[in-house]
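Under my numbering, the sequence shown is numbered contiguously, ending at residue 533.
Backbone N, C-alpha and C fix where the C-beta goes; we use that ideal spot for every residue, glycine too.
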Amino acid sequence: MNSSFRGSRDDSSRKDRITFTSGGKKVGGSFSSVGGSARGPKSFQRGAGRPSFGSRPSFGGDRAPRGDRPSFADRAPRGDRPSFGDRPRYEGSKPRFERGDRPSFGSDRAPRGDRPSFGGDRPRFDRGGRGGFDRGSRGGDRGGRPSFGGGRGGRGNRARTYFDVSQYINRNPVQVKEEKAVVTHAFADFGLDKKLVSIVVDELKYTEPSPIQDQIIPLIMKGQDVIGLSNTGTGKTAAFLLPLINETLQNPKMQTLILAPTRELATQIQDELRKLTPRMGVFSTVCVGGMPIRRQISSLSKRNQFIVGTPGRILDLIEHGHIYTERLTHVVLDEADRMLDMGFINDMRKILADIPAEHQTLFFSATMSKEVERLVNDFLRNPVTISVVKRDTAASIAQDVVPHGHHDKFDTLVNLLKDEEKFPRVIIFGEMKHSVERLSNALDDIGIKATSIHGNKSQQQRDRALKAFKSGQVRVLCATDVAARGIHVDNVSHVINYDLPATQEDYVHRIGRTGRAGKGGMALTFVPAAKLT
Numbered sequence: 001m002n003s004s005f006r007g008s009r010d011d012s013s014r015k016d017r018i019t020f021t022s023g024g025k026k027v028g029g030s031f032s033s034v035g036g037s038a039r040g041p042k043s044f045q046r047g048a049g050r051p052s053f054g055s056r057p058s059f060g061g062d063r064a065p066r067g068d069r070p071s072f073a074d075r076a077p078r079g080d081r082p083s084f085g086d087r088p089r090y091e092g093s094k095p096r097f098e099r100g101d102r103p104s105f106g107s108d109r110a111p112r113g114d115r116p117s118f119g120g121d122r123p124r125f126d127r128g129g130r131g132g133f134d135r136g137s138r139g140g141d142r143g144g145r146p147s148f149g150g151g152r153g154g155r156g157n158r159a160r161t162y163f164d165v166s167q168y169i170n171r172n173p174v175q176v177k178e179e180k181a182v183v184t185h186a187f188a189d190f191g192l193d194k195k196l197v198s199i200v201v202d203e204l205k206y207t208e209p210s211p212i213q214d215q216i217i218p219l220i221m222k223g224q225d226v227i228g229l230s231n232t233g234t235g236k237t238a239a240f241l242l243p244l245i246n247e248t249l250q251n252p253k254m255q256t257l258i259l260a261p262t263r264e265l266a267t268q269i270q271d272e273l274r275k276l277t278p279r280m281g282v283f284s285t286v287c288v289g290g291m292p293i294r295r296q297i298s299s300l301s302k303r304n305q306f307i308v309g310t311p312g313r314i315l316d317l318i319e320h321g322h323i324y325t326e327r328l329t330h331v332v333l334d335e336a337d338r339m340l341d342m343g344f345i346n347d348m349r350k351i352l353a354d355i356p357a358e359h360q361t362l363f364f365s366a367t368m369s370k371e372v373e374r375l376v377n378d379f380l381r382n383p384v385t386i387s388v389v390k391r392d393t394a395a396s397i398a399q400d401v402v403p404h405g406h407h408d409k410f411d412t413l414v415n416l417l418k419d420e421e422k423f424p425r426v427i428i429f430g431e432m433k434h435s436v437e438r439l440s441n442a443l444d445d446i447g448i449k450a451t452s453i454h455g456n457k458s459q460q461q462r463d464r465a466l467k468a469f470k471s472g473q474v475r476v477l478c479a480t481d482v483a484a485r486g487i488h489v490d491n492v493s494h495v496i497n498y499d500l501p502a503t504q505e506d507y508v509h510r511i512g513r514t515g516r517a518g519k520g521g522m523a524l525t526f527v528p529a530a531k532l533t
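Structural data, given as structure tokens:
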């Protein structure tokens with residue numbers, strides 16, 4: 001069907017006439033160009049006169065024909081027109097740096113031998129890619145051998161880090177004879193409750209206070225804030241528990257909050273507390289992650305003179321109204337540096353900020369970093385610092401490396417552990433939780449009794465594993481660094497670093513699990529043979 005529009009304009013009536021032609025028939029219509037109602041189809045022929053709607057410009061057929069309009073071809077040639085380069089350039093107020101003024105980083109540099117080296121001379125702990133695992137521990141076709149983990153060896157294009165194997169070797173440990181500190185008090189001299197002194201001396205057979213106990217107990221009993229710089233094995237737990245128990249016996253309404261970095265350490269503190277307070281009516285609750293929170297809430301609803309826990313769980317209970325901070329009279333931060341290392345700094349600050357200003361704070365740490373100092377300055381009032389740091393653990397423990405090939409790491413470990421007389425009680429450290437669990441299961445499958453502790457296990461599972469290791473039901477304990485912090489097991493013959501530690505501090509902490517109580521110990525570190533060449 002052929003259709004067309006033709007438009008005409010009647011100036012006298014201010015109306016537009018539209019004629020619609022369809023199949024030879026004409027259909028007319030008109031509308032007022034100023035507010036009138038339209039009649040008929042509302043279309044216009046291109047180029048025809050269009051109505052003017054008010055004062056708006058017309059964009060229809062009133063435009064000049066294309067021939068009258070300038071075309072792009074009429075523009076001045078590019079050479080005659082100003083270019084962007086001819087426009088004035090913006091000049092800032094500061095002088096521009098010319099290339100000649102800049103230092104050259106090319107061939108003008110001093111030869112490498114003349115320049116200082118950054119890192120080449122420092123011993124670095126090579127983690128072997130992600131998580132400290134060598135490439136031999138990756139999954140894949142291993143001919144039936146188990147895979148234990150995690151690390152990708154890294155891309156071949158990456159620069160190799162300097163590896164100093166000597167940091168793991170000490171074949172001639174120095175047996176340092178410690179000078180015994182002069183102890184000026186006996187337990188009876190502190191003014192402790194007679195029942196408490198009787199338990200310490202008669203039942204627990206503590207003959208005399210340790211150096212840190214000798215210095216700190218009198219300060220705590222005076223109500224002073226105290227900073228105790230000491231590592232594990234110095235008796236610091238009893239150093240703060242004894243005076244706090246003594247004050248609790250005198251004032252049963254007082255309440256003490258003890259923060260610890262790990263579940264294991266919190267549990268050990270409560271165990272020590274129970275040993276010191278049998279039949280005394282002193283009650284305590286442990287609040288840690290990995291345990292049913294409802295049971296902890298139920299216990300908190302009863303009378304508790306001591307609340308022991310990890311910062312994360314304690315903060316949750318405070319925020320939900322199950323721990324009333326206004327009732328707290330004493331706060332103990334045990335191994336504060338470890339809590340900072342584990343990322344609890346914000347939780348610790350929130351907890352301390354919510355406690356009334358009138359309370360006594362006892363702060364224990366092995367080191368005094370800048371972050372620790374800031375925490376001390378913010379929350380302790382005129383503290384007295386007592387430092388009792390034992391000798392260097394690493395210097396007195398025999399240490400050596402165990403080279404292994406690309407695929408025989410597990411076989412090398414098994415060959416060592418087969419000698420039960422030489423390896424009667426062993427702690428094996430791994431980097432990742434899942435690899436530690438697989439390693440423990442693989443050893444158990446081939447007849448080497450082993451168990452594991454790591455962050456994926458509940459507190460009950462970790463307690464059972466630790467109990468089995470202490471009792472001798474299993475002779476191998478596989479653990480991660482975090483889970484093993486605060487664990488104290490006597491008579492550990494060997495510590496094996498199946499995966500390289502991340503830092504020197506972690507290494508010293510690991511090997512410190514052996515050689516305790518003046519006994520000898522051995523630390524072995526697995527190192528890829530390729531790193532020894």
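query, result
"Start and end of the alpha helix (DSSP H) containing Asp316?", "Pro311 to Glu319"
"Taking DSSP as the reference, what is the three-state secondary structure of Leu375?", "helix"
"So, with DSSP's three-state summary, where would you put Met432?", "coil"
"So Gln461 is in the alpha helix (DSSP H); what residue range does that whole segment cover?", "Gln459 to Ser471"
"Measuring only the C-alpha atoms, how far is His406 from Pro528?", "7 Å"
"State the DSSP-derived secondary structure class of Pro292, mapped to helix, strand or coil.", "coil"
"Does the segment 299–316 come close enough to the segment 252–270 to have 3 or more Cβ pairs within less than 8 Å?", "yes"
"So, with DSSP's three-state summary, where would you put Ser299?", "helix"
"Quick check on the DSSP output: the beta strand (DSSP E) that includes Pro403 runs from which residue to which?", "Ala398 to His404"
"Any idea what DSSP makes of Thr525, helix, strand or coil?", "strand"
"Considering Cα atoms alone, identify which of Met342, Met280 and Arg295 is closest to Ile199.", "Met280"
"Taking only the alpha-carbon atoms, compute the straight-line gap between His359 and Gly343 and give it to the nearest angstrom.", "25 Å"
"For Leu352, collect the residues of the same chain with a Cβ closer than 6 Å to its Cβ; drop the 5 residues on either side in sequence, then sort them by chain order.", "Phe379"
"Count the other C-beta atoms from every protein chain shown that fall within 10 angstroms of the C-beta of Asn246, then say buried if there are 16 or more, exposed otherwise.", "buried"
"In the DSSP assignment, find the alpha helix (DSSP H) that holds Gln360 and state where it starts and stops.", "Here Gln360 belongs to no alpha helix (DSSP H); instead the beta strand (DSSP E) covers Gln360 to Ser365."
"Ala523 to Ile511, Cα distance in whole Å?", "6 Å"
"How many angstroms separate the CA atom of Gln213 from the CA atom of Phe364?", "13 Å"
"Would you please state the rounded distance, in angstroms, between the beta carbons of Asp225 and Thr329? I believe it to be under 8 Å.", "Going by Cβ atoms, the distance from Asp225 to Thr329 rounds to 13 Å, so no, they are not a contact pair."
"Which stretch, first to last residue, makes up the alpha helix (DSSP H) that contains Asn246?", "Lys236 to Gln250"
"CA-CA distance, Leu276 and Leu196?", "7 Å"
"Confirm, please, whether the CB-CB distance from Leu257 to Val331 is below 8 Å.", "yes"
"Do Asp347 and Ala366 have their C-beta atoms closer together than 8 Å?", "no"
"Counting along the chain, where does the beta strand (DSSP E) carrying His509 start and finish?", "First-last for His509: Gln504 to Ile511, but that is the alpha helix (DSSP H), not the beta strand (DSSP E)."
"Any idea if Tyr498 is buried or exposed, counting beta-carbon neighbours within 10 angstroms, 16 or more meaning buried?", "buried"
"Taking the alpha-carbon of Glu431 as reference, which of Lys531, Lys222, Tyr507 and Arg327 has the nearest alpha-carbon?", "Tyr507"
"So Gln215 and Ile386 are in contact, right, with Cβ under 8 Å, and what is the actual spacing, rounded?", "5 Å"
"Would you check if there are 3 or more beta carbon pairs closer than 8 Å linking the segment 471–485 to the segment 434–454?", "yes"
"Check the DSSP bridge columns for Ile199 and list the partner residues they point to.", "None; Ile199 has no bridge partner."
"Under three-state DSSP, which class holds Thr161?", "Because Thr161 sits at a pLDDT of 43, beneath the cut-off of 50, its placement in the model cannot be relied upon, and the following sentence gives the value as read from the coordinates. If DSSP states are grouped into helix, strand and coil, Thr161 belongs with coil."
"Let me check understanding here. Comparing Cα to Cα, which of Arg464, Ala479 and Asp408 lies closest to Arg438?", "Ala479"
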